[in-house]
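Peer 1:
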Amino acid sequence: MFADFYNYWVVIILMMLGFYIVISDSNLIKKMIGLSIFQTSVFILFISMSKVDGGTAPILAEKFTTYSNPLPHVLILTAIVVGVATTALGLAIIARIHAAYGTIDEDIIHALDDDDDSHGDED
Amino acid sequence: MDIQIIVDLCLLTLLTVTAVILLRVQNLLAAVLLSGIYSLLTAGLFVTLDAVDVAFTEASVGAGLTTVLLLGALAITGREQSVKRHSRILPIAVITITAAALIYGTLDMPKFADPNAPIHTHVAPRYIEQSGEEIGVPNIVTSVLASYRGYDTLGEVTVVFTAAIGVMLLLGGRKLKNKDNDE
Amino acid sequence: MMNKKRGLILREVCNLIVPAVLLYALYVQFHGDYGPGGGFQAGVIFAAAVILYALVHGREQVEKVFPPNVIRYFVSIGLLLYAGVGVVSIFMGGNFLDYNVLAHDALHGQHLGILLIELGVGITVAAVMIIIFYVLDKFSE
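Residue numbers (the working numbering), protein chains in the order written: chain B, 1 to 123; chain D, 124 to 306; chain F, 307 to 447.
Here it is, written out as structure tokens:
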């Protein structure tokens, strides 16, 4: 049973490591990196579900009859590109946060916000 | 088949080691480069799992472009060290409970690389068998992506386009005056 | 990303590599039907070559060849090409994005349709990545 599910369990461990980086680290760029680790490990889960024993890459050729399932590949291709689009947008937001607050540490930003709230209006 | 399992296990172990080191490292430049290594190892894993198109995309986009974008963001924000301040009990409890629930969920999944899994027996054989006659393109992933599911790919290109518009709107205007210093 | 003059080895190796990478991007774009590849990968590889040149020789040099005002239009041209193929199929009698009606034969129509939309995807992705790099670099000055 271990050999049957080893792929899935390691993927779950990687997912949880990425998730831990997102929820416990206070630096915004480290959170983006943790999010990208989480995303990539989900891709590994989908691609390991698509593998067929004894199959080959899904490119038609005369010598092969069994191919791996191409549908999850299409899904994950789209997901990778959408992931880089969200990463780029997230990094642009982080750059603006840095220009507005002077720091990218989440705790310091919350403290600055609390200071501003107690002093008056802050847009 | 044996060598494939060994390569699979080695790559997965290296991935776990990289993720654990990424968790503990505090220098942001090291973290960015480690994430590039992670993407490259994932691309190698995809090749072992017969997903060559996905490996190509992951290597070029993940290990190439995401690293450049992260380095660009580091150039803007500076190489601050990331300091851990909170106690770690609550995050560890959350991830342990989530991991236990997910592992319990995977016990019902079909075995790894089983040819009779439900995912391989309903829709996929139709695409594999008829893609040659209906479209005539050897790469089945391209034919599904561009022809059978072409509408979804249009949505995906629109997402990339929207990301470009978003970044241009956020960062493309006049630069804000920094509060403390001008570089 | 300051604009100081990089070392000799870096500049010479970059001058050697960049044409090969651009050519490889075109190869991947048009051989996406016969092997792994396609529009996304090709666009990213093309952008990676341009970004490499910009990192080594400075953004000012690259902006003479790929000016941001023009690349901004290419971002939309790729998407318009993709949607345009769909609309042309409506005018020729099929559904939206139905490639069978684009040529005299269903198989040739599919080939032509896939070629055109992968070109559109490649143009958009390359332009988007180049523009994002330009904007990030300009903001960090």
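For each residue, glycine too, the CB sits at the ideal point set by N, CA and C. Because the structure is a prediction, the values reported are computed rather than measured.
Going by beta carbon distance, what residues of the same chain come within less than 8 Å of Ile251 (chain D), once the five residues before and after it are set aside?
Peer 2: Numbered from 1 along the second sequence, position 128 holds the residue referred to as residue 251 (chain D). Contacts found: Ile263.
Peer 1: Tyr20 (chain B) and Pro214 (chain D): beta carbons closer than 8 Å?
Peer 2: By one-based count along the first sequence, residue 20 (chain B) stands at place 20. By one-based count along the second sequence, residue 214 (chain D) stands at place 91. Cβ atoms of Tyr20 (chain B) and Pro214 (chain D): closer than 8 Å.
Peer 1: Helix, strand or coil: which one does DSSP assign to Lys302 (chain D)?
Peer 2: For this step, residue 302 (chain D) is matched to residue 179 along the second sequence. For Lys302 (chain D), the predicted model reports a pLDDT of 44, less than 50, meaning its position is unreliable and no value from the coordinates is stated.
Peer 1: Could you run through the region 425-444 of chain F and flag, in chain order, every residue whose CB is less than 7 Å away from some CB of chain B?
Peer 2: So the close ones are Ile438.
Peer 1: Go ahead and pull the three-state DSSP assignment for Asn69 (chain B).
Peer 2: Along the first sequence, read from residue 1 onward, the residue named residue 69 (chain B) stands at position 69. Coil at Asn69 (chain B), not helix or strand.
Peer 1: Looking at the structure shown, is Thr56 (chain B) part of a helix, part of a strand, or coil, going by DSSP?
Peer 2: Along the first sequence, one-based indexing puts residue 56 (chain B) at 56. Thr56 (chain B) falls in the strand class under three-state DSSP.
Peer 1: Report yes if the CB atom of Leu71 (chain B) is closer than 8 Å to the CB atom of Gly255 (chain D), and no otherwise.
Peer 2: Taking the first residue of the first sequence as position 1, residue 71 (chain B) is located at position 71. Taking the first residue of the second sequence as position 1, residue 255 (chain D) is located at position 132. No; because the gap between Cβ atoms is not below 8 Å, this pair is not in contact.
Peer 1: Report all residues from its chain with a CB closer than 8 Å to the CB of Ile97 (chain B); omit the five preceding and five following residues, and keep chain order.
Peer 2: Translated into positions along the first sequence, residue 97 (chain B) becomes position 97. Only Leu28, Ile104, Ile109 meet the Cβ criterion.
Peer 1: Which of helix, strand or coil does DSSP assign to Leu105 (chain B)?
Peer 2: Here the question's residue 105 (chain B) lines up with position 105 in the first sequence. What sits at residue 105 (chain B) in the sequence shown is Asp, not Leu. DSSP places Asp105 (chain B) in strand when its eight states are reduced to three.
Peer 1: Kindly say whether Gly296 (chain D), judged by its beta-carbon, lies nearer than 8 Å to any beta-carbon of chain B.
Peer 2: Looking up residue 296 (chain D) in the second sequence gives position 173. It does not: the Cβ of Gly296 (chain D) has no partner Cβ on chain B nearer than 8 Å.
Peer 1: Of all the alpha helix (DSSP H) runs that stay within the bounds of the region 172-198 of chain D, which reach a length of 4 or more residues?
Peer 2: Whole alpha helix (DSSP H) segments, 4+ residues: 175-180.
Peer 1: Between the C-alpha atoms of Glu181 (chain D) and His410 (chain F), what's the straight-line distance to the nearest angstrom?
Peer 2: Taking the first residue of the second sequence as position 1, residue 181 (chain D) is located at position 58. Taking the first residue of the third sequence as position 1, residue 410 (chain F) is located at position 104. Glu181 (chain D) and His410 (chain F): Cα-Cα distance of roughly 37 Å.
Peer 1: Does any residue of chain D have a CB that is nearer than 8 Å to the CB of Val376 (chain F)?
Peer 2: Working through the third sequence from its first residue, we reach residue 376 (chain F) at position 70. No, no contact with chain D.
Peer 1: Which residues does DSSP pair with Asn7 (chain B) in a beta bridge?
Peer 2: Position 7 of the first sequence, counting from 1, holds the residue named residue 7 (chain B). According to DSSP, Asn7 (chain B) bridges with nothing at all.
Peer 1: Is the CB of Asp303 (chain D) under 8 Å away from at least one CB in chain B?
Peer 2: The sequence position of residue 303 (chain D) within the second sequence is 180, counting from 1. Confidence at Asp303 (chain D) is low in this model, with a pLDDT of 44, below 50, so the placement of that residue should be treated as unreliable; the coordinate-derived value is given next. With 8 Å as the cut-off, Asp303 (chain D) counts as an interface residue toward chain B.
Peer 1: Can you list, in chain order, the residues of its chain whose CB lies under 6 Å from that of Gly159 (chain D), leaving out five sequence neighbours each side?
Peer 2: Stepping through the second sequence from its first residue, residue 159 (chain D) is reached at position 36. Excluding residues within five positions, the ones whose Cβ falls inside 6 Å are Ala186, Thr190.
Peer 1: Relative to the C-alpha of Gly345 (chain F), which residue among D:Tyr161, D:Gly167, D:Val184, D:Leu145 is closest?
Peer 2: Against the third sequence, residue 345 (chain F) aligns to sequence position 39. Nearest C-alpha to Gly345 (chain F): D:Val184.
Peer 1: Output yes or no for whether 8 Å exceeds the beta carbon distance between Leu403 (chain F) and Ser395 (chain F).
Peer 2: In the third sequence, counting from the first residue as 1, residue 403 (chain F) sits at position 97. In the third sequence, counting from the first residue as 1, residue 395 (chain F) sits at position 89. The answer is yes: Cβ separation under 8 Å.
Peer 1: Which bits of chain B does Pro214 (chain D) rub up against, with CB to CB less than 9 Å?
Peer 2: For this step, residue 214 (chain D) is matched to residue 91 along the second sequence. Neighbours of Pro214 (chain D) on chain B, chain order: Phe19, Tyr20, Ile23, Ser24.
Peer 1: Cα-Cα, which of D:Leu138, D:Gln204, D:Leu156 is closest to Ala166 (chain D)?
Peer 2: Reading the second sequence from its first residue, position 43 is the one you call residue 166 (chain D). Considering only alpha carbons, the answer is D:Leu138.
Peer 1: Under 8 Å between C-beta atoms, does Arg249 (chain D) make it to chain B?
Peer 2: What you label residue 249 (chain D) is simply residue 126 of the second sequence in a count that begins at 1. Not one chain B Cβ lies under 8 Å of Arg249 (chain D).
Peer 1: Hey, does Ala88 (chain B) have any beta-carbon neighbour from chain D nearer than 8 Å?
Peer 2: In the first sequence, the residue the question calls residue 88 (chain B) occupies position 88. So, interface residue.
Peer 1: Roughly how many angstroms separate the alpha carbons of Asp4 (chain B) and Ile129 (chain D), rounded to a whole number?
Peer 2: By one-based count along the first sequence, residue 4 (chain B) stands at place 4. By one-based count along the second sequence, residue 129 (chain D) stands at place 6. Taking the straight line joining both Cα atoms gives about 14 Å.
Peer 1: For the pair the region 323-334 of chain F and the region 346-354 of chain F, tell me if three or more CB-CB distances fall below 8 Å.
Peer 2: A contact exists between the region 323-334 of chain F and the region 346-354 of chain F.
Peer 1: Could you run through the region 341-354 of chain F and flag, in chain order, every residue whose CB is less than 7 Å away from some CB of chain B?
Peer 2: Within the region 341-354 of chain F, the qualifying residues are Gly341, Phe346.
Peer 1: Closest Cβ-Cβ distance between Ala286 (chain D) and chain B: below 8 Å?
Peer 2: Indexing the second sequence from 1 puts residue 286 (chain D) at position 163. Yes, Ala286 (chain D) lies at the interface with chain B (some Cβ there is under 8 Å from its Cβ).
Peer 1: Could you check which residue in B:Leu45, B:Leu35, B:Ile33 has the C-alpha nearest to that of Leu225 (chain D)?
Peer 2: Translated into positions along the second sequence, residue 225 (chain D) becomes position 102. Leu225 (chain D) has its Cα closest to that of B:Leu45, out of B:Leu45, B:Leu35, B:Ile33.
Peer 1: Quick one: does Asp176 (chain D) have its CB under 8 Å from some CB of chain B?
Peer 2: Position 53 of the second sequence, counting from 1, holds the residue named residue 176 (chain D). Chain B contact via Cβ: present.
Peer 1: For Gln204 (chain D), list the residues DSSP reports as bridge partners.
Peer 2: Here residue 204 (chain D) refers to the residue found at position 81 of the second sequence. DSSP output for Gln204 (chain D) lists D:Asn150 as bridge partner(s).
Peer 1: For the region 44-63 of chain B, list every residue whose C-beta sits within 9 Å of some C-beta in chain F, in sequence order.
Peer 2: Here the close residues are Ala57, Ile59.
Peer 1: Do Thr142 (chain B) and Ser48 (chain B) have their C-beta atoms within less than 8 Å of each other?
Peer 2: Lying outside 1 to 123, the shown extent of chain B, residue 142 (chain B) is not represented and no answer is given.
Peer 1: Quick one: which chain F residues come within Cβ less than 7 Å of Phe179 (chain D)?
Peer 2: Residue mapping note: residue 179 (chain D) aligns to position 56 of the second sequence, counting from 1. Chain F residues near Phe179 (chain D): Pro342, Gly343, Gln347.
Peer 1: Using the Cβ count rule (16 or more neighbours within 10 Å means buried), how would you classify Glu424 (chain F)?
Peer 2: Position 118 of the third sequence, counted from the start, is the residue given in the question as residue 424 (chain F). Glu424 (chain F) is buried by the Cβ-count criterion.
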